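Down below is the structure, laid out as structure tokens.
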Amino acid sequence: MNNRINHLAVWILVAVYFLIGWGWYAIFGETWLNLHARTMTDIERTHNVSAYLLAFIASIVINYALAWLINRVNATSAIAG
2 MNNRINHLAV
12 WILVAVYFLI
22 GWGWYAIFGE
32 TWLNLHARTM
42 TDIERTHNVS
52 AYLLAFIASI
62 VINYALAWLI
72 NRVNATSAIA
82 G
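The sequence shown begins at 2 in my numbering and counts up one residue at a time.
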């Protein structure tokens with residue numbers, strides 16, 4: 002068993018997590034605001050940096066946990082995992 006975690010892959014996935022969120026909001030953000038009867042001013046007023054920091058830390062922890070699990074079960078492909 003290879004006891005190494007691919008740190009570059011983990012950090013790329015952390016970035017991908019936020020890029021997917023950004024893309025999702027860019028596409029559906031206006032619709033979400035309309036469905037919830039909110040405006041951008043409402044969102045900007047409640048802007049909280051700690052929520053982004055928590056999401057960033059959670060993404061790091063989750064991706065490292067998945068990398069550890071994949072390494073632990075010795076998965077070499079999606080089918081083997």
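C-beta atoms are modelled at their ideal positions from N, C-alpha and C, and glycine is treated no differently.
In this text the structure is predicted, and so the values were computed from the model without any measurement.
(Q) For a test of the three-state rule: what should DSSP assign to Arg46, helix, strand or coil? (A) Within the sequence shown, numbered from 1, the residue matching residue 46 stands at position 45. In this structure, Arg46 counts as helix in the three-state DSSP scheme.
Q) What's the C-alpha gap between Phe57 and Leu34? A) Here residue 57 refers to the residue found at position 56 when the sequence shown is read from its first residue. Here residue 34 refers to the residue found at position 33 when the sequence shown is read from its first residue. Taking the straight line joining both Cα atoms gives about 24 Å.
Q. Leaving out five residues before and five after Ser60 in sequence, what residues of the same chain have Cβ atoms less than 7 Å from its Cβ?
A. Indexing the sequence shown from 1 puts residue 60 at position 59. For Ser60, where only same-chain residues beyond five positions count, the Cβ hits under 7 Å are Val15 and Tyr18.
Q: Take Trp12 as the anchor and find which of Val62, Ser51, Ala76 and Ser78 has the nearest alpha-carbon.
A: Within the sequence shown, numbered from 1, the residue matching residue 12 stands at position 11. Among Val62, Ser51, Ala76 and Ser78, the Cα nearest to that of Trp12 belongs to Val62.
Q.
For Gly6 and Ala68, which I take to be in contact (beta-carbon distance under 8 Å), what is that distance rounded to the nearest angstrom?
A. Taking the first residue of the sequence shown as position 1, residue 6 is located at position 5. Taking the first residue of the sequence shown as position 1, residue 68 is located at position 67. Per the sequence shown, residue 6 should be read as Ile rather than Gly. Rounded, the Cβ-Cβ distance is 5 Å, consistent with contact.
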